[in-house]
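Everything below concerns the one structure shown next.
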Amino acid sequence: MAREELHSIVVPMYNEREVALTFLERATAALSALPAYEIIVVDDGSTDGTWEILDSARAAYPNLRLIRFSRNFGHQTAITAGIDAARGDTVTVIDADLQDPPELIPKMVEKWREGADIVFAVRRARRGESLFKKATAAAFYRLMRSLAAVDIPLDSGDFRLMSRRTADALISMRERSRFIRGLVAWLGFQRAYVHYDREERAAGRTKYPLGKMLRLAADGIVSFSLRPLQLAALFGALSALIGFGVIVYAIVERLRGGDVVPGWTSLMVAVLFMGGVQLLSLAILGEYVGRIYDEVRGRPLYVVHERVGFDDEDGARD
Ligand code: UDP
Ligand code: MG
0 MAREELHSIV VPMYNEREVA LTFLERATAA LSALPAYEII VVDDGSTDGT
50 WEILDSARAA YPNLRLIRFS RNFGHQTAIT AGIDAARGDT VTVIDADLQD
100 PPELIPKMVE KWREGADIVF AVRRARRGES LFKKATAAAF YRLMRSLAAV
150 DIPLDSGDFR LMSRRTADAL ISMRERSRFI RGLVAWLGFQ RAYVHYDREE
200 RAAGRTKYPL GKMLRLAADG IVSFSLRPLQ LAALFGALSA LIGFGVIVYA
250 IVERLRGGDV VPGWTSLMVA VLFMGGVQLL SLAILGEYVG RIYDEVRGRP
300 LYVVHERVGF DDEDGARD
């Protein structure tokens, strides 16, 4: 190979004041094993001074490139901006909180040199995360697998290495409901895996409260599966069937001339049940319609406030 390999590391940061410098220190130490690298940090609209810390760290870290969003656009979008800007032969996405060890990256690069296009880092153990988080994560990965037509590796987050062609293919997908794990899995390409134990967050608190987690889960399911829509049809068919049964029962009772009490109870049950099924079906429809609306407006995925450390200042794709 005539040209030196370049490896890009993409790090989303949202209010990561406590870990920003620790991350840079540990990552730089780990990456010194590589021929050449760049660290692209995307500041996802932090309000705690993360940007100032990063900006002044540039003197000490010449390989650092920074993108600052105009506001908080969310983790998946921050990753997207970083991948858009990356120029490396490989692009590795990693969390800033050191739950994913940067020391693993040279191992992932090794797998890439052996021919893999995507190297997934799969969590063996998750230390220091609440039982609730572990349980919901486990349930979600399994639900995704059964619903979606794409093969998303179980228990792999966004910590992964992509070859240049994989990153380019991902960049070409500009959909708004971004569930990047799913998009990458959809791409195909040759995969490899490395395993690791997930550490506790080095400092600071999770930037993924339950609401954001549910949003991500909904994005994942709705953008990769039409099963929920089919579920609405199933509910419809089921309630129609039950309704039909009740009709037959009512007629038979009437014809037998029995003591037909004006069926308040059964009426209430039927009305409430139907109402519930209809609302649920509408909600499912709404999820899809809302996303269609989002796509149709065609707004850019993110807005950049500032980019520093890049040689070419063009890189911002929409
Ligand atoms: N993050 C981000 N934007 C957000 C939320 C999170 O860029 O709106 C970043 C955050 O700084 C971290 C990564 O995404 O580098 C993962 O977040 P976190 O560690 O809080 O999630 P958890 O590990 O608790 O699921
Ligand atoms: Mg974390």
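For the sequence shown, numbering that gives the first Met the number 0 assigns the number 0 to the initial residue and increments by one for each residue that follows. Each residue gets a CB set at the ideal place from its N, CA and C atoms; glycine is no exception.
When DSSP reads this structure, serine 155 sits in a beta bridge with Val121.
Per the C-alpha coordinates, the member of Gly181, Val288, Gln75 and Thr165 positioned closest to arginine 86 is Thr165. Around the beta-carbon of serine 69, fewer than 16 other beta-carbon atoms lie within 10 Å, marking it exposed.
Relative to ligand 2, the nearest heavy atom lies less than 7 Å away from the CB of threonine 205. When only Cα atoms are considered, lysine 133 and arginine 141 end up about 12 Å apart. When beta bridges are read from the DSSP output, histidine 74 appears opposite no residue.
Annotation: tyrosine 36 to leucine 63 spans about 9 Å, alpha carbon to alpha carbon.
Beta-bridge annotation (DSSP): isoleucine 39 is paired with Val9 and Arg64. Straight across, the Cα-Cα distance linking glycine 44 with proline 208 is about 17 Å.
Distance check between isoleucine 283 and each of Ala32, Ala168 and Ala232 places Ala232 closest, using alpha-carbon atoms only. Shortest gap from the CB of arginine 16 to any heavy atom of ligand 2: 7 Å or more. The beta carbons of valine 121 and aspartate 154 sit closer together than 8 Å. When beta bridges are read from the DSSP output, valine 90 appears opposite Ser7 and Met161. The alpha-carbon of valine 118 is positioned some 7 Å away from that of tryptophan 111.
Burial of leucine 169 is indicated by the presence of at least 16 other C-beta atoms within 10 angstroms of its C-beta. Remark: three or more beta-carbon pairs, one from each stretch, lie closer than 8 Å, so the region 71-90 and the region 2-12 are flagged as touching. In the structure shown, glutamate 198 adopts coil according to DSSP, grouped into three states.
Residue state for valine 303 is assigned as strand, using DSSP reduced to three classes. Tyrosine 287 sits in a helix when the DSSP states are folded into three classes. In this structure, the straight-line span from the alpha carbon of valine 251 to that of methionine 267 is close to 20 Å. Per the coordinates, the alpha-carbon of valine 221 lies some 31 Å from the alpha-carbon of threonine 46. If you draw a straight line from the Cα of leucine 53 to the Cα of leucine 225, it comes to about 42 Å.
Distance between glutamate 4 and serine 162, taken at the CA atoms: about 12 Å.
Checking the 7 Å criterion, the Cβ of arginine 298 is out of range of every heavy atom belonging to ligand 2. When Gly203, Val307 and Arg144 are compared, the shortest CA-CA separation from aspartate 96 is found for Gly203. DSSP, reduced to helix, strand and coil, places arginine 180 within a helical segment of the structure shown.
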